[in-house]
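First up is the structure itself, then whatever we jot down about it.
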Amino acid sequence: MKAIILAGGSGTRLYPLSRKKFPKQFLSIGHDKSLFQKTVERNLKAVKDVNNLIIVTNKDYQFFVKEQLKEIGISDFKNLILEPMGRNTAPAMALAAKYALEIMRLDESEVLFVSPSDHIIYPEETFVEYVKKAEKFARDGYLVTFGINPVRPETGYGYIEAGEPLEEAYKIRRFHEKPDLDTAKKYLLSGNYYWNSGMFAFSIKSLLEEIERHAPEIFNLIQGKTFEKVLESFEEMPDISIDYAVMEKTDRAVVLPLTIT
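Numbering-wise (our numbering), the sequence shown opens with residue 67 and increments by one.
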C-alpha cells in the first residue's frame with residue numbers, strides 16, 4: 067500500500083494566519099510541527115517506509131514541502147508531484163495514479179490510501195488500524211471513504227449517509243452537503259450519518275476504472291499519455307472533487323466508520 071498526501075490546497079480558511087501564499091497545512095497550530103508534518107509522520111506509521119509516500123502539491127509550495135520534510139528528517143524525497151495549478155482532488159488523484167503506474171512502476175492492483183494534509187487525528191494507533199482495514203476492502207475492489215463518527219451537530223462538514231452493512235463498513239446511500247443546524251442535529255440522532263473525512267482507499271485499477279466510467283473528461287486526459295505530457299496539459303483538467311466526479315456516482319463506494327478526535 068502507498069499513501070498519497072494531498073498538500074496542494076490553498077488553505078485560506080484560517081486567514082490571516084493562513085493565506086494562499088502560506089496555506090494552513092504548513093502552519094503549526096498548537097503543535098511544534100505543522101499539520102503537513104504531522105500528516106507525513108502519521109502516514110508513515112501506516113505505510114512504514116518513506117518510499118511508500120507520494121506527495122501531491124502545487125508547484126508554488128514545493129519549497130514549503132521540501133523544507134518541512136527536512137525538519138522531520140526526510141531529505142531528498144523522491145515521490146513529489148508538482149501540479150502546475152490547482153484542479154481539485156479528482157485530477158490530483160488521477161495524476162498520482164498515473165505517476166504510480168509509470169514512474170514508480172507499480173502494479174495496478176496496488177492500493178492507494180489518500181488523505182488531505184490539514185487534519186489533526188488522535189489516537190494515531192486507531193487511524194493506522196483503520197487504514198489497514200480499508201486496505202482489505204480496497205483489495206476486494208471497493209472504493210473506500212472514511213466516515214468520522216460525529217460527536218456534535220456540526221454544520222461545517224459534509225455528511226455520508228450509510229446504507230447496507232458490509233462487514234465493518236457500509237454501502238454508501240448518499241452524500242450530503244454541509245447541513246444547517248437542525249438537519250445536523252437530526253443526522254447526529256439517527257446514528258446513520260458520518261462526517262466526510264476526505265480520506266480514501268482504493269486500488270489503482272479500481273480508481274481508474276471508475277474515473278473512466280464516471281469522469282471520462284479526466285480519464286481521456288491521462289489515457290495514452292506519458293506522465294510528463296499529462297502535467298503539460300493539466301490546465302485542461304476540470305476543477306472537480308473526487309466526491310463529485312466519482313464517489314457520488316459509483317456503485318462500488320463504501321464508508322468505513324472511524325472514531326477519532
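No residue lacks a Cβ here, since even glycine has one placed at the ideal position from N, Cα and C.
Please read all numbers here as calculations on a predicted model, not as lab measurements.
Quick one: give me the first and last residue of the alpha helix (DSSP H) that residue i is part of.
i	result
N286	282-288
L172	No alpha helix (DSSP H) contains L172, which DSSP labels as neither H nor E.
Y196	190-205
V131	128-137
Y253	247-256
Look at the alpha carbon of residue i and the alpha carbon of residue j, and state the distance between them as a whole number of angstroms.
i	j	result
T106	E275	Residue identity differs from the one stated: residue 106 is Val in this sequence, not Thr. Going by the C-alpha atoms only, they are around 28 Å apart.
T38	G75	Residue coverage of the chain in this structure runs from 67 to 327, which leaves residue 38 outside it and unanswerable.
V357	K251	Missing from the structure shown is residue 357; the chain here goes from 67 to 327 and no further.
Y399	F92	This structure does not reach residue 399, given that the chain is present from 67 up to 327, and the question cannot be answered.
F300	K125	12 Å
E314	G213	14 Å
P332	D98	Nothing can be reported for residue 332, as the shown portion of the chain is limited to 67 through 327.
R153	E302	9 Å
D184	M265	11 Å
T325	I226	14 Å
F129	Y188	28 Å
V113	L135	17 Å
Y259	G224	10 Å
K104	W261	21 Å
P89	D248	32 Å
A311	P182	17 Å
T292	L273	18 Å
Excluding sequence positions up to five away, which residues of its chain have a Cβ less than 6 Å from the Cβ of residue i?
i	result
A200	V210, A267, L322
S94	S100
A204	V177, V210, A267, F268, S269
I138	Q103
I70	I120, A162, L178, V180
P216	L254, W261
Assuming residue i and residue j make a contact with CB atoms under 8 Å, what is their CB distance in whole Å?
i	j	result
G222	K244	6 Å
D277	I270	Note that residue 277 is Ile in the sequence shown here, rather than Asp. That pair is no contact at about 11 Å.
V180	L72	7 Å
I121	V131	6 Å
Go through its chain and collect everything with a Cβ distance to residue i's Cβ below 7 Å, but skip five positions before and after it.
i	result
D246	T221
L297	P150
G77	Low local confidence applies: a pLDDT of 44 at G77 is under 50, so the model's placement there is unreliable, with the coordinate-based value given in what follows. Excluding residues within five positions, the ones whose Cβ falls inside 7 Å are S84, P89, K90, Q91, D184.
What are the boundary residues of the beta strand (DSSP E) that residue i is part of?
i	result
F212	209-214
A112	It is not in any beta strand (DSSP E) - A112 instead sits in the alpha helix (DSSP H) that spans 101-113.
F293	Careful: F293 lies outside any beta strand (DSSP E), inside the alpha helix (DSSP H) at 293-298.
F241	235-242
K68	68-72
I226	225-232
I121	119-124
I147	146-149
P323	319-324
F266	259-269
Closest to residue i by CA distance: which of the options is it?
i	options	result
D305	F102, A160, A204	A160
K295	F88, D115, P89, P150	P150
G207	I226, S183, E174, L135	E174
K237	A319, E191, T325, A112	A319
N145	E168, M303, G264	E168
D142	T292, I308, N117, A158	N117
K202	E233, N215, I186, E190	E233
T155	I308, P231, V312, M67	I308
E190	N286, N109, K291	N109
P157	K198, N286, T316, G257	N286
I186	I288, S263, R279	S263
D317	R240, P219, M170, E133	R240
I'd like the list of long-range same chain contacts for residue i, defined as Cβ closer than 8 Å, with 5 residues on each side in sequence excluded.
i	result
P82	In this prediction, P82 has a pLDDT of 42, which is less than 50 and means its spatial position is unreliable; what the coordinates show is noted afterwards. Within the same chain, P82 has no close Cβ partners at all.
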